[in-house]
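Accompanying notes for the structure given below.
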Amino acid sequence: DGGITQSPKYLFRKEGQNVTLSCEQNLNHDAMYWYRQDPGQGLRLIYYSQIVNDFQKGDIAEGYSVSREKKESFPLTVTSAQKNPTAFYLCASSITSNYGYTFGSGTRLTVV
Amino acid sequence: KQEVTQIPAALSVPEGENLVLNCSFTDSAIYNLQWFRQDPGKGLTSLLLIQSSQREQTSGRLNASLDKSSGRSTLYIAASQPGDSATYLCAAAYSGAGSYQLTFGKGTKLSVIP
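Listed in order, the protein sequences are those of chains D and X.
Residues in the first sequence are numbered consecutively from 87, following my numbering.
Residues in the second sequence are numbered consecutively from 141, following my numbering.
Shown next, in the form of structure tokens:
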């Protein structure tokens with residue numbers, strides 16, 4: 087079955103540490119996205135990528151970095167510059183013909 | 141800046157009732173509108189996608205409508221069941237920087253009481 091796989095499901099980060107969240111899709115979708123979800127704030131776009139080796143900042147890109155070396159993969163690194171990283175992170179993908187989005191199951195990141 | 145609003149934030153209904161969830165958006169120049177379901181601690185599951193040229197979409201007990209002129213979409217759930225309890229999110233796709241991104245509402249948390 088096609089879908090999006092996010093790993094790990096839970097992640098704990100120490101102060102000053104960088105962590106990387108994995109996102110892999112086998113839907114053959116061109117576009118991929120990272121969102122952050124906080125209680126009461128809805129989903130906010132961090133980064134997105136339309137094609138391999140190209141990506142753009144979303145609304146809240148500060149303290150995050152991404153890469154898109156393969157069509158199937160779009161990892162997100164939460165750097166030590168992100169001062170409030172505790173949140174639920176969601177990866178999504180879409181085909182560019184109709185922009186119907188498919189989401190992964192999410193990674194919950196907690197700073198300890 | 142586009143805004144998507146969902147009212148009410150929470151809704152509780154007895155099992156078997158038909159119900160309507162509301163979504164409004166400020167800019168009528170949307171590309172599409174998508175309804176999602178989110179269970180606690182889980183990702184988003186796509187329910188219905190309505191392109192800007194369409195007026196409604198149906199899937200089983202779900203029917204979503206789109207009225208661009210009034211900036212509104214509704215999700216109709218027929219014969220509600222306890223398994224329908226979840227948070228329902230609507231999202232409008234807008235053009236930006238050569239692609240389309242979704243602007244999300246904050247969701248309506250639905251509880252269906254047995």
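Yeah, the Cβ is synthetic: ideal placement off N, Cα and C, and Gly gets one too.
Pull the bridge partners of residue 252 (chain X) from the DSSP assignment, please.
Mapped onto the second sequence, residue 252 (chain X) falls at position 112. Answer is X:153.
Status (buried if at least 16 other CB within 10 Å, exposed otherwise) for residue 98 (chain D):
Sequence index remark: in the first sequence, residue 98 (chain D) carries index 12 (1-based). It counts as exposed.
Measure the C-alpha to C-alpha separation of residue 223 (chain X) and residue 186 (chain X) and round it to an integer number of angstroms.
Position 83 of the second sequence holds residue 223 (chain X). Position 46 of the second sequence holds residue 186 (chain X). Going by the C-alpha atoms only, they are around 16 Å apart.
Looking only at C-alpha atoms, which of X:143, X:171, X:177 sits nearest to residue 202 (chain X)?
The count along the second sequence starts at 1 and reaches residue 202 (chain X) at position 62. Of the listed residues, the one whose Cα sits closest to residue 202 (chain X) is X:177.
May I ask you to verify whether the stretch 146-162 of chain D touches the stretch 107-118 of chain D, counting CB pairs closer than 8 Å and requiring at least 3?
yes
Tell me whether residue 160 (chain X) is buried or exposed, calling it buried when 16 or more other Cβ atoms sit within 10 Å of its Cβ.
As a first step, residue 160 (chain X) is located in the second sequence; it is residue number 20 there, counting from the start. When all chains shown are included, residue 160 (chain X) counts as exposed.
Please confirm if residue 136 (chain D) has its CB atom under 8 Å from at least one CB of chain X.
Residue numbering aside, residue 136 (chain D) sits at position 50 when the first sequence is read from its first letter. So yes, residue 136 (chain D) belongs to the interface.
Beta strand (DSSP E) runs contained entirely in the stretch 147-212 of chain X, provided each spans 3 or more residues:
150-154, 159-165, 172-178, 184-191, 196-199, 202-207
Is there at least one Cβ from chain D nearer than 8 Å to residue 194 (chain X)'s Cβ?
Residue 194 (chain X) sits at position 54 when you count from the first residue of the second sequence. Closer than 8 Å: no.
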